[in-house]
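Using UniProt numbering, you'd call the opening residue of the sequence shown number 1 and step up by one each time. From the three backbone atoms N, C-alpha and C, an ideal C-beta is built for every residue, glycine too. Here the structure is a predicted model, which is why all the values come from computation and not from measurement. Worksheet: one structure, shown below.
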Amino acid sequence: MTMQLAACIEWMFADAGADLASRIRAAGAAGVTSVEFHLWRDKPLDAIEAALREGGVRLRSFCVDPRRSLADPADHDAVLAAVADAIPVARRFDGAAMIVASGFTRPGVPEQEQFDAVVAVLKRAAALAEESGTMLWLEPVYMIVGGQRMFVDTIGRGLDIVAAVDSPALRLLADAYHSAQTGEAFGPAIRGRIALVGHVQVADTEGRHEPGTGKIDWGQLMSALRDEGYGGEIGLEYFPTLPDAASLAAARKALGLAG
């Protein structure tokens, strides 16, 4: 099975204009059948829905909004409220996945205590998603602010948490760019656990541009996905350095995917 592409319209197809509806139409015209965006509350959902329908394009995912910490129990009520607010959006867009990130590490708090806090709130959030027929994706994100890293910034830790939550409504979003930023080896990180991965996103290091512009060995990464039997989509979440058509063609070539 050939892996299909999903495009992050926050950053891609900007040649079509600033409004996301135009970008969705451009993605559809280019043969991209799924798109993704980040926070949903500021988005023109009616216009997006119309553009998706017109172009035969699917909304694959969006981020739970507002973002709150999974690692801090003081934020858990806000996390659950944000997930509850996102569920009608996910259902409106035919089950688009809802993305959450862990939040930053908490200075002075034992690592196991933070791990347990993330698992506890995700069990409750996943129950909400499962009851509504929707899906959550946990995304490991590499980011440092004030000396604190995100608590879940590697695929390995993310998969440990997804396994601990043990819900069919929670899977991992394995982002190759964030993984590479931590120095993690992508293939070994997913080995034997691909069933817990719901989606893969790609961008190259450094710069977060098209696959093939940086240091990641895309042939090796894609082989690892195929060897593990991954049959999902590949999300293009990068800052293009080329016009739309050329950028998409370059990404396809680097990933070894047919045009």
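Outcome for residue i when other beta-carbon atoms lying within 10 angstroms are tallied against a minimum of 16
i	result
D175	buried
Q220	exposed
Q112	exposed
E54	exposed
P66	exposed
M143	exposed
S223	exposed
R92	exposed
V109	exposed
D134	It is worth fixing the name first, because residue 134 is Thr in this sequence and not Asp. T134 is buried by the Cβ-count criterion.
R191	exposed
D217	exposed
G103	buried
R226	exposed
P243	exposed
P140	buried
For residue j and residue i, the rounded distance between their alpha carbons
i	j	result
G235	A7	6 Å
E228	I194	6 Å
L173	G198	6 Å
R41	P107	31 Å
E130	A164	16 Å
A26	G158	33 Å
L255	I24	22 Å
A249	A21	22 Å
E49	A29	16 Å
F239	T105	27 Å
I99	Q181	20 Å
T33	A203	19 Å
T154	A246	31 Å
L138	C63	10 Å
Y177	L59	22 Å
Where the alpha helix (DSSP H) containing residue i begins and where it ends
i	result
G28	L20 to A29
W218	W218 to E228
G187	F186 to I190
S179	A176 to T182
R53	L45 to G55
S132	E111 to S132
G156	I155 to V165
L248	D244 to L255
Beta-bridge partners of residue i, as assigned by DSSP
i	result
W40	W40 is not bridged to any residue.
F104	M150
F62	M98
R171	W137
G207	DSSP, once it has assigned bridges, lists no residue as partnering G207.
G235	A6 and Q201
I144	R149
Any non-hydrogen atom of the ligand ATP within 8 Å of residue i CB
i	result
V64	Because no ligand of any kind appears in the structure shown, any question about the ligand ATP cannot be addressed here.
Where the beta strand (DSSP E) containing residue i begins and where it ends
i	result
A90	Segment H76 to R92 is the alpha helix (DSSP H) holding A90; no beta strand (DSSP E) there.
W137	L136 to L138
V32	No beta strand (DSSP E) holds V32; DSSP gives it neither H nor E.
Given 8 Å, three or more beta-carbon pairs between the segment 207–214 and the segment 147–156: no
The segment 124–138 in contact with the segment 107–116 per 3-pair CB rule at 8 Å: no
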